[in-house]
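J.:
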Amino acid sequence: MSISVGTFERAALKDLRNNNLAIFAGAGLSRGSGFVDWRGLLRDIAEELELDINKEFDLVSVAQYHFNANGRQTINEAIVEEFQRNATRNANMNLLAQLPIDTYWTTNYDSIIEDTLNDSGKIVDKKIDSSQMKNYKPNRDVVVYKMHGDKEFPDNAVITRDDYERYNVERSAFTTQLKGELIAKTFIFIGFSFEDPNLEQILSKIRIDLLGDSPKNHYCFFRKVNKSDEHYKNPDGSINEENFYYDKVKQDLKIKDLIRYGIKSILVDEYKDITNILSNIEKKFKANKVFISGSAEEYGNYSEDEARGLLHNLSKSLISNNHHIISGFGLGVGSYVINGALEEIFENKGKKINDYLTLRPFPQFESGGNSLKELWTEYRKEMISDAGVMIFLFGNKLVDGEIVEAGGMLEEFQIAKDNNKYIIPIGSTGYITERIFKEIKSDLEKYWYLKNSIDILESDTDPQNIISEINKIIEVIRRRV
1 MSISVGTFER
11 AALKDLRNNN
21 LAIFAGAGLS
31 RGSGFVDWRG
41 LLRDIAEELE
51 LDINKEFDLV
61 SVAQYHFNAN
71 GRQTINEAIV
81 EEFQRNATRN
91 ANMNLLAQLP
101 IDTYWTTNYD
111 SIIEDTLNDS
121 GKIVDKKIDS
131 SQMKNYKPNR
141 DVVVYKMHGD
151 KEFPDNAVIT
161 RDDYERYNVE
171 RSAFTTQLKG
181 ELIAKTFIFI
191 GFSFEDPNLE
201 QILSKIRIDL
211 LGDSPKNHYC
221 FFRKVNKSDE
231 HYKNPDGSIN
241 EENFYYDKVK
251 QDLKIKDLIR
261 YGIKSILVDE
271 YKDITNILSN
281 IEKKFKANKV
291 FISGSAEEYG
301 NYSEDEARGL
311 LHNLSKSLIS
321 NNHHIISGFG
331 LGVGSYVING
341 ALEEIFENKG
351 KKINDYLTLR
361 PFPQFESGGN
371 SLKELWTEYR
381 KEMISDAGVM
391 IFLFGNKLVD
401 GEIVEAGGML
411 EEFQIAKDNN
421 KYIIPIGSTG
431 YITERIFKEI
441 KSDLEKYWYL
451 KNSIDILESD
461 TDPQNIISEI
471 NKIIEVIRRR
481 V
């Protein structure tokens with residue numbers, strides 16, 4: 001029996017927030033980047049054996065038959081030719097890379113996972129063979145276990161029956177590690193068919209070892225068997241009801257069988273629905289992360305004490321409501337934000353600084369051949385990518401003895417818009433934020449979550465009213481997403 005999308009999203013979010021989520025990726029994840037699945041990889045090899053790959057379900061044996069007749073070279077060439085070519089990034093992996101997931105397992109030979117993680121700024125510790133399992137890459141953010149090898153080393157790729165039979169001798173460290181993580185972590189299986197004999201054996205061993213206990217919950221996606229699929233159409237255009245019914249029954253039985261291992265299934269109508277689900281999870285997770293954008297040489301309608309109180313108590317309130325604050329340490333704003341956040345964290349001994357506060361002071365020197373302006377733009381993009389909600393306040397600076405608008409905040413606003421962040425401008429604080437507020441107010445259909453708060457944001461200067469309203473807005477966002 002499958003579970004609802006909402007049930008899955010709630011469970012995944014809980015594990016994300018507890019840093020307890022892992023990904024197991026099969027060939028389906030890489031298909032979004034233009035690579036073939038295992039059946040596609042072996043198509044030409046099967047033809048050389050005079051077999052029809054569409055009729056074969058034991059693909060391990062197909063690879064073994066070819067090895068028996070021709071040796072390893074053609075299989076190696078197939079792996080190299082398919083997976084060495086340039087590939088496009090895919091939406092699902094891009095979304096996963098934005099989440100704090102520190103463990104990936106895959107049977108894929110390509111490098112989509114590690115390349116995407118690297119591009120997102122994460123330090124990746126890749127494990128290709130058992131000898132690497134004892135090594136630890138300093139400051140790593142994520143470990144990618146390639147349990148069937150890598151395109152760079154096709155001789156060592158696990159593909160034939162011989163390879164599988166030797167697996168627990170040559171790659172026993174992978175088996176041991178995966179068993180432990182399947183017991184400790186919650187896995188999401190993406191693009192996986194559950195036909196892999198290694199995984200089936202490991203899942204079975206865990207189930208037996210934990211006999212009498214409820215297995216840990218894991219999740220997988222399946223596309224519903226659909227009558228509209230091309231392969232159910234007869235030559236005359238009618239539907240082959242017998243084949244459709246057979247595949248539907250088989251899928252239902254597979255879903256029920258996976259429950260033995262604690263794996264719950266989410267049925268989707270189309271593969272693109274998985275992207276929508278992952279996008280929803282990202283939005284919901286990041287809705288808890290608030291970036292405070294502001295700088296101030298002066299405070300306009302506010303005295304310095306009032307502004308300090310607003311910033312201090314706003315950050316204190318956000319932390320009290322279990323939000324995570326991201327700050328670029330803007331002049332005249334950042335220090336007050338940090339003090340308020342730290343006060344709330346220290347008053348609650350169960351809270352840890354890193355769980356509630358991220359400080360990202362801007363670089364002050366050019367490096368890597370990039371100008372300071374270019375560095376700041378990339379820095380802003382990276383900071384904002386981690387947030388779901390953007391709060392704008394004030395926005396001025398001193399240049400040659402004169403107060404001018406802070407153009408960097410306008411750039412942050414543009415980045416936030418481009419990335420569909422939830423934007424909350426406190427218009428009454430003036431300066432660049434007032435400009436941002438006016439643009440937002442002119443398009444309230446887009447910024448629906450501000451409709452009932454627009455008057456307070458525009459003209460109210462009472463810090464407590466503003467803080468209360470911001471908390472209401474964020475709660476509206478959290479309920480909606």
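Numbering-wise (the UniProt record's numbering), the sequence shown opens with residue 1 and increments by one. Ideal placement from N, C-alpha and C gives every residue a C-beta, glycine not left out. Only a predicted model underlies this, so the values are computations on that prediction, with no experimental measurement involved.
Who does residue 219 pair with in a DSSP beta bridge?
T.: As a position in the sequence shown, residue 219 is number 219, starting the count at 1. BP columns for residue 219 point to 188, 264.
J.: Pair every Cβ in the segment 316 to 332 with every Cβ in the segment 435 to 455, then say whether three or more of these pairs are closer than 8 Å.
T.: The answer is no - the segment 435 to 455 does not touch the segment 316 to 332, with fewer than three Cβ pairs under 8 Å.
J.: Do you know offhand how far residue 79's Cα is from residue 106's?
T.: Here residue 79 is taken as the residue at index 79 of the sequence shown, counted from 1. Here residue 106 is taken as the residue at index 106 of the sequence shown, counted from 1. One C-alpha to the other measures close to 16 Å.
J.: Examine the Cβ distances between the segment 213 to 220 and the segment 135 to 146 and report whether three or more of them are shorter than 8 Å.
T.: no
J.: Check for me: the beta strand (DSSP E) holding residue 397 runs from which residue to which?
T.: For the purposes of this step, residue 397 is identified with residue 397 of the sequence shown, where counting begins at 1. Where residue 397 is concerned, the enclosing beta strand (DSSP E) stretches over 396 to 399.
J.: Here's a check: name, in chain order, each residue in its chain whose Cβ is nearer than 7 Å to the Cβ of residue 173, leaving out the five neighbours to either side.
T.: Position 173 of the sequence shown, counted from the start, is the residue given in the question as residue 173. Around residue 173: 130, 133.
J.: So is residue 148 buried or exposed if we call it buried at 16+ other beta carbons inside 10 Å?
T.: Taking the sequence shown and counting its residues from 1, the one referred to as residue 148 is at position 148. Flag for residue 148 reads buried.
J.: Please report the residue range of the beta strand (DSSP E) in which residue 327 lies.
T.: As a first step, residue 327 is located in the sequence shown; it is residue number 327 there, counting from the start. It spans 324 to 327 - the beta strand (DSSP E) in which residue 327 sits, taken as one unbroken run.
J.: Three-state secondary structure (DSSP) at residue 476?
T.: As a first step, residue 476 is located in the sequence shown; it is residue number 476 there, counting from the start. Correct three-state label for residue 476: helix.
J.: Please return the same chain residues whose Cβ sits closer than 6 Å to the Cβ of residue 263, not counting the five positions on each side in sequence.
T.: Counting from one through the sequence shown, the residue named residue 263 turns up at place 263. The answer, listed in chain order, is 218, 220.
J.: Using beta-carbon positions only, say whether residue 12 and residue 281 come within less than 8 Å of one another.
T.: To locate residue 12, count along the sequence shown from 1; it is residue 12. To locate residue 281, count along the sequence shown from 1; it is residue 281. Contact: yes.
J.: If we ignore side chains and look at the alpha-carbon of each, how far apart do residue 76 and residue 154 end up?
T.: Residue mapping note: residue 76 aligns to position 76 of the sequence shown, counting from 1. Residue mapping note: residue 154 aligns to position 154 of the sequence shown, counting from 1. For residue 76 and residue 154, the distance between alpha carbons rounds to 5 Å.
J.: Assign residue 293 to one of three DSSP states: helix, strand, or coil.
T.: Here the question's residue 293 lines up with position 293 in the sequence shown. Three-state result, residue 293: strand.
J.: Just checking: is the beta-carbon of residue 346 within a distance shorter than 8 Å of some beta-carbon in chain C?
T.: The structure shown contains no chain C; it holds only a single protein chain.
J.: With respect to the beta strand (DSSP E) encompassing residue 24, which residues constitute its N-terminal and C-terminal limits?
T.: Position 24 of the sequence shown holds residue 24. Its beta strand (DSSP E) spans residues 21 to 25.
J.: Let me check one thing: in DSSP terms, what residues is residue 390 bridge-paired to?
T.: What you label residue 390 is simply residue 390 of the sequence shown in a count that begins at 1. Per DSSP, 291, 423.
J.: Counting pairs of Cβ atoms below 8 Å between the segment 284 to 291 and the segment 465 to 481, do you hit three or more?
T.: Flag = yes, the segment 284 to 291 and the segment 465 to 481 touch.
J.: Would you identify the three-state DSSP class for residue 482, choosing helix, strand or coil?
T.: In this structure the chain extends from 1 to 481, so residue 482 is not present and cannot be described.
J.: Taking the straight line between their C-alpha atoms, what separation do you get for residue 313 and residue 478?
T.: As a working mapping, residue 313 is identified with position 313 in the sequence shown. As a working mapping, residue 478 is identified with position 478 in the sequence shown. Rounded to the nearest angstrom, the two C-alpha atoms are 21 Å apart.
J.: Thinking C-alpha only, which one of 168, 29, 186 is nearest residue 16?
T.: On the sequence shown, residue 16 is found 16 positions in, with the first residue counted as 1. When each option's Cα is compared against that of residue 16, the closest is 186.
J.: Do you know whose CA, among 284, 286, 341, lies nearest residue 309's CA?
T.: As a position in the sequence shown, residue 309 is number 309, starting the count at 1. Residue 309 has its Cα closest to that of 341, out of 284, 286, 341.
J.: Touching or not, the segment 89 to 96 and the segment 53 to 71, by the rule of three or more beta carbon pairs under 8 Å?
T.: The segment 89 to 96, when compared against the segment 53 to 71, does not touch it at the 8 Å Cβ threshold.
J.: Determine whether the beta carbon atoms of residue 207 and residue 261 lie at a separation below 8 Å.
T.: For the purposes of this step, residue 207 is taken as residue 207 along the sequence shown, with counting starting at 1. For the purposes of this step, residue 261 is taken as residue 261 along the sequence shown, with counting starting at 1. A Cβ-Cβ contact shorter than 8 Å links residue 207 with residue 261.
J.: If you draw a straight line from the alpha carbon of residue 244 to that of residue 100, how long is it in whole angstroms?
T.: In the sequence shown, counting from the first residue as 1, residue 244 sits at position 244. In the sequence shown, counting from the first residue as 1, residue 100 sits at position 100. Taking the Cα positions, residue 244 is about 40 Å away from residue 100.
J.: Of the choices 74, 334, 318, 362, whose alpha-carbon is the least far from that of residue 344?
T.: Working through the sequence shown from its first residue, we reach residue 344 at position 344. It is 318 whose Cα lies nearest to the Cα of residue 344.
J.: Could you give the first and the last residue of the continuous alpha helix (DSSP H) run that contains residue 103?
T.: Taking the sequence shown and counting its residues from 1, the one referred to as residue 103 is at position 103. Premise fails: residue 103 lies in the beta strand (DSSP E), 103 to 106, not in any alpha helix (DSSP H).
J.: I'd like the list of long-range same chain contacts for residue 412, defined as Cβ closer than 6 Å, with 5 residues on each side in sequence excluded.
T.: Within the sequence shown, numbered from 1, the residue matching residue 412 stands at position 412. Once the five neighbours on either side are set aside, the close Cβ partners of residue 412 are 293, 380.
J.: Looking only at its own chain, which residues have a Cβ that is under 8 Å from the Cβ of residue 374, when we skip the five neighbours before and after it?
T.: The residue you call residue 374 lines up with position 374 of the sequence shown. Nothing listed; no residue qualifies.
J.: Please name the residue in 227, 357, 56, 160 whose C-alpha comes closest to that of residue 70.
T.: Taking the first residue of the sequence shown as position 1, residue 70 is located at position 70. Of the listed residues, the one whose Cα sits closest to residue 70 is 160.
J.: Where does the unbroken alpha helix (DSSP H) through residue 270 begin, and where does it stop?
T.: The residue you call residue 270 lines up with position 270 of the sequence shown. Segment: none, residue 270 is in no alpha helix (DSSP H) and carries neither H nor E.
J.: In terms of residues, what are the limits of the beta strand (DSSP E) holding residue 62?
T.: Counting from one through the sequence shown, the residue named residue 62 turns up at place 62. Not the beta strand (DSSP E): residue 62 falls in the alpha helix (DSSP H), residues 59 to 70.
J.: Could you spell out where the beta strand (DSSP E) holding residue 52 opens and where it closes?
T.: Taking the first residue of the sequence shown as position 1, residue 52 is located at position 52. From DSSP, residue 52 is part of no beta strand (DSSP E); its letter is neither H nor E.
J.: Is the beta carbon of residue 421 sitting closer than 8 Å to the one on residue 383?
T.: To locate residue 421, count along the sequence shown from 1; it is residue 421. To locate residue 383, count along the sequence shown from 1; it is residue 383. Cβ atoms of residue 421 and residue 383: not closer than 8 Å.
J.: Among residues of its own chain, excluding the 5 on either side of residue 46, which ones have a beta-carbon nearer than 6 Å to its beta-carbon?
T.: The residue labelled residue 46 in the question sits at position 46 within the sequence shown. The answer, listed in chain order, is 53, 62.
J.: Report the three-state DSSP secondary structure of residue 245 (helix, strand or coil).
T.: Locating residue 245 in the sequence shown gives position 245, where the first residue counts as 1. In the structure shown, residue 245 sits in a helix (DSSP, three-state: H, G or I).
J.: Measure from the alpha carbon of residue 337 to the alpha carbon of each residue in 315, 238, 18, then state which is nearest.
T.: For this step, residue 337 is matched to residue 337 along the sequence shown. If you compare the alpha carbons of 315, 238, 18 with that of residue 337, the shortest gap goes to 315.
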